[in-house]
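*Asks:*
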Amino acid sequence: MRKVTVLLLCLSMLLGLAGASLAADKLSVALIIEGQLGDASFYDSASRGFDKAKAELGIVGKVIECNYDPANYVPYMATAAKKFDLVLSVGFGMMDAIAEVAPKFPETDFAQFDTTGDIAHVTFIDFKQSEGSFLAGALAAMMTTREGDPRVNPEATIGVVCGEDIPVMYSFIAGYEQGAKTVNPDIKILRGFVGRWDDPAGGKEMTLNQHKNGADVVYQVAGGTGEGIIAAAKEGGFYAIGVDSPQEHLAPEAVLTSMLKRLDVVVYDLIKAKQEGTFQRGTILRYGLKEGGVGLSWSDSALKLVPADVKARLDELTEEVASGEIEVAETTK
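Residue numbers (mature numbering (1 follows the signal peptide of the UniProt record, and there is no 0)): -23 to -1, 1 to 310.
#1: Of all the alpha helix (DSSP H) runs that stay within the bounds of the stretch 208 to 287, which reach a length of 4 or more residues?
#2: Quick one: which unbroken beta strand (DSSP E) runs of 3-plus residues sit fully inside the stretch 125 to 169? Chain order, please.
#3: Could you check the C-alpha separation between residue 242 and residue 113 for me, to the nearest Å?
#4: Tell me whether residue 88 sits in a helix, a strand or coil according to DSSP, three-state version.
#5: Are the beta-carbon atoms belonging to residue 201 and residue 175 less than 8 Å from one another?
#6: Please state whether the Cβ-Cβ distance between residue 236 and residue 109 is less than 8 Å.
#7: Among 75, 16, 59, whose alpha-carbon lies nearest the alpha-carbon of residue 198?
#8: For residue 99, does the three-state DSSP call read helix, strand or coil?
#9: Compute the Euclidean distance between the alpha carbons of residue 261 and residue 3, then round it to the nearest angstrom.
#10: How close, in whole Å, do the beta carbons of residue 50 and residue 74 come, if the pair is a contact with beta carbons under 8 Å?
#11: Quick one: what's residue 104 bridged to in DSSP?
#12: If you run the structure through DSSP and keep just helix, strand and coil, what is residue 114?
#13: So residue 116 and residue 283 are supposed to be a Cβ contact under 8 Å. How far apart are they, rounded?
#14: On a Cα-Cα basis, can you pick out the residue from 11, 9, 20 that is closest to residue 223?
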């Protein structure tokens, strides 16, 4: 009994649920992330949208980090569901937790990112990352044999390094490979899975190995592990493509662009909808190029690295995908 009491006390302290912390007249929101902040990618993007909502909409709430510990998922989710009006769950691994907890709290609104399901009052957010990855693949294919660029070699070989081997990764891979082969049907594409989202050293090692096998543009789809992928490109003198958030600042000379999943935009929009009474319960919301949910980052450094003719072709491909003229496969084997 003492252990249970201590656990509940710790959860309350962690979530900041002291009575005075949540204003009764304000919308309260919990953003629960499977990993932790500081990944310069997926979770940081969601957090930016949450912070914007707090600043502009006057909501209250907390970002709750599960630190990739499955033992935290259900208790953190359940405690948040008791105290917050809206619970936003970010991370593929959180699906089982929300499936267990949500039915017990029918008055609480939930949104689960990066997967789909059928739970009566849970809204699922499904990004068409294959569409954004199509553009990343096309860019990689156009850059890999670019004459006069010292960071590439004559081989038409590119790579992609992922975190865990889970279904959503094959959506990124499908688009990346299709985009690359649209530019060059004979291109060679190397795949790799590090097995973790928080292993920069493993990401760096795998990326350097792909480079040894000819890849001079590597797409990182690995969360915090991706920092090692980008470091490998910087130190090895080749290119990387970032993911989820703009990552060009990590290595301006090496990161061509980043494939953005606009969690920041969607998190903000969901909170605003809840506040305005237009939140769509129990549905699946899909965000692709047309909806502005994915796309490439065009920072100043990206525009310096990517030649104007390549950028122009990518703009054309963006329109063709958004209009449906090009249909991008959602997954692959």
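Where is the CB? At the ideal position from N, CA and C, for every residue including glycine.
*Replies:* Judging by the given coordinates:
#1: Those alpha helix (DSSP H) runs which fall completely within the stretch 208 to 287 and span 4+ residues are 240 to 253, 277 to 282.
#2: Runs found: 134 to 139.
#3: Within the sequence shown, residue 242 is the residue found at index 265, counting from 1. Within the sequence shown, residue 113 is the residue found at index 136, counting from 1. About 21 Å.
#4: As a first step, residue 88 must be located in the sequence shown, where it is residue number 111. If DSSP states are grouped into helix, strand and coil, residue 88 belongs with the strands.
#5: Mapped onto the sequence shown, residue 201 falls at position 224. Mapped onto the sequence shown, residue 175 falls at position 198. The beta carbons of residue 201 and residue 175 sit closer together than 8 Å.
#6: The residue you call residue 236 lines up with position 259 of the sequence shown. The residue you call residue 109 lines up with position 132 of the sequence shown. At the C-beta level, residue 236 and residue 109 come within 8 Å of one another.
#7: Counted from its first residue, the sequence shown places residue 198 at position 221. Out of 75, 16, 59, 16 has the C-alpha closest to the C-alpha of residue 198.
#8: The count along the sequence shown starts at 1 and reaches residue 99 at position 122. Strand, per DSSP.
#9: On the sequence shown, residue 261 is found 284 positions in, with the first residue counted as 1. On the sequence shown, residue 3 is found 26 positions in, with the first residue counted as 1. One alpha carbon belongs to residue 261, the other to residue 3, and they sit about 26 Å apart.
#10: Position 73 of the sequence shown, counted from the first residue, corresponds to residue 50. Position 97 of the sequence shown, counted from the first residue, corresponds to residue 74. The C-beta distance from residue 50 to residue 74 rounds to 4 Å, short enough to meet the 8 Å contact threshold.
#11: Within the sequence shown, residue 104 is the residue found at index 127, counting from 1. Its beta-bridge partners are 264.
#12: Counting from one through the sequence shown, the residue named residue 114 turns up at place 137. For residue 114, the secondary structure class from DSSP, reduced to helix, strand or coil, is helix.
#13: Position 139 of the sequence shown, counted from the first residue, corresponds to residue 116. Position 306 of the sequence shown, counted from the first residue, corresponds to residue 283. 7 Å between Cβ atoms; contact.
#14: Here residue 223 is taken as the residue at index 246 of the sequence shown, counted from 1. Per the C-alpha coordinates, the member of 11, 9, 20 positioned closest to residue 223 is 20.
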